[in-house]
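Engineer: Chain order of the listed sequences is S and W. To convert, count from 1 in the first sequence and add 43; that's our numbering. To convert, count from 1 in the second sequence and add 29; that's our numbering. Every residue, glycine too, gets a C-beta built ideally from N, C-alpha and C.
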Amino acid sequence: MSSENQEFKREMLAALPSLRAFAMSLIGRHDRADDLVQDTIMKAWAKQDHFQIGTNMKAWLFTILRNELYSQMRKRGREVQDSDGHLTETLAHHPEQYGSLDLQDFRRALDQLPPDQREAIILVGASGFSYEEAATICGCALGTIKSRVNRARQRLQEILQVRGENDYGPDETSAPITSRAFVS
Amino acid sequence: MIGKNPSSDDPNAQIAVKLKALFQSVQEEAIPARFLDLLEKLEAAEQRSTLQGKE
Chain S
44 MSSENQEFKR EMLAALPSLR AFAMSLIGRH DRADDLVQDT IMKAWAKQDH
94 FQIGTNMKAW LFTILRNELY SQMRKRGREV QDSDGHLTET LAHHPEQYGS
144 LDLQDFRRAL DQLPPDQREA IILVGASGFS YEEAATICGC ALGTIKSRVN
194 RARQRLQEIL QVRGENDYGP DETSAPITSR AFVS
Chain W
30 MIGKNPSSDD PNAQIAVKLK ALFQSVQEEA IPARFLDLLE KLEAAEQRST
80 LQGKE
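1) Do A169 of chain S and A178 of chain S come within 8 Å of each other at the CB atom, strictly closer than that value?
2) Quick one: Cα of R75 of chain S to Cα of R77 of chain W, how far?
3) Classify T83 of chain S as buried or exposed, calling it buried when 16 or more other Cβ atoms lie within 10 Å of its own Cβ.
4) Please list the residues of the stretch 38-53 of chain W that have a C-beta atom closer than 9 Å to any C-beta atom in chain S, keeping them in chain order.
5) Between S68 of chain S and Q81 of chain S, what straight-line distance do the alpha-carbon atoms span, to the nearest angstrom?
6) To the nearest whole angstrom, what separates the beta carbons of L59 of chain S and F64 of chain W, a pair I think is in contact under 8 Å?
7) Could you compute how far the alpha carbon of Q43 of chain W sits from the alpha carbon of M116 of chain S?
8) R161 of chain S to Q197 of chain S, Cα distance in whole Å?
9) So if I threshold CB-CB distances at 8 Å, which residues from the stretch 77-110 of chain S count as touching chain W?
10) Considering only their Cβ atoms, is the gap separating V46 of chain W from A236 of chain S smaller than 8 Å?
11) Would you mind working out which of S:S46, S:R72, S:L199 and S:T98 sits nearest A152 of chain S, comparing C-alpha positions?
Spelled out as structure tokens, the structure:
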């Protein structure tokens with residue numbers, strides 16, 4: 044084992060907790076998130092010659108993981124057309140994994156975002172990446188990431204706002220109107 | 030916006046706090062043994078193939 048290999052493994056281990064958190068934030072289920080992390084480790088290991096020691100290991104692994112996720116989703120999408128049961132199973136959430144009710148509620152709101160918006164707000168808002176780094180990871184323009192993050196924030200506000208108001212605020216008919224006014 | 034403290038009434042600040050809490054709750058977990066085992070196996074396989082290459 045060369046020292047470069049050991050350095051690669053060491054850096055990969057150091058990035059694993061963030062990588063798991065990224066997978067969990069995107070998918071919302073421990074079992075599927077960890078399967079995706081496992082696939083990512085294998086892919087990254089096979090491609091380690093492409094990685095330059097000293098560059099951003101975390102960003103590199105996040106890129107591999109999200110590409111792997113979307114390629115699996117495309118494959119699954121084709122399978123879903125044949126079996127309805129699979130989609131229901133995939134969309135089932137397991138919010139009991141989060142301690143507080145507040146976070147469970149937030150998790151459900153996050154799950155309602157389109158995947159591109161969810162990924163953008165997680166990268167910028169939780170993983171500590173800059174807009175530029177997030178754009179590189181997602182393979183899109185800087186402006187695209189910015190607008191996805193803005194739309195994600197707006198949508199999350201709407202979802203959480205409407206939910207809160209249903210508990211102790213305006214009735215269901217007026218809540219969407221007041222929440223729209225609030226956001227804009 | 031610069032220098033403004035995130036207030037508890039600012040919905041964007043609340044979203045940021047919850048998003049980070051969600052992310053960190055997983056990030057703080059110990060790395061599952063399956064990944065440590067996997068890395069050991071990948072490393073061992075690579076060592077074997079390197080040795081075979083030298084023979």
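Structural biologist: On the basis of the supplied data:
1) Contact flag unset, no.
2) 31 Å
3) buried
4) P40, N41, Q43, I44, A45, K47, L48, K49, A50, L51, F52 and Q53
5) 16 Å
6) Between L59 of chain S and F64 of chain W a beta carbon distance of about 6 Å is seen, short of the 8 Å cut, so the two are scored as contacting.
7) Those two C-alpha atoms are separated by around 31 Å.
8) 12 Å
9) D77, V80, Q81, I84, M85 and W88
10) What is shown of chain S runs 44 to 227, which leaves residue 236 of chain S out entirely.
11) S:L199
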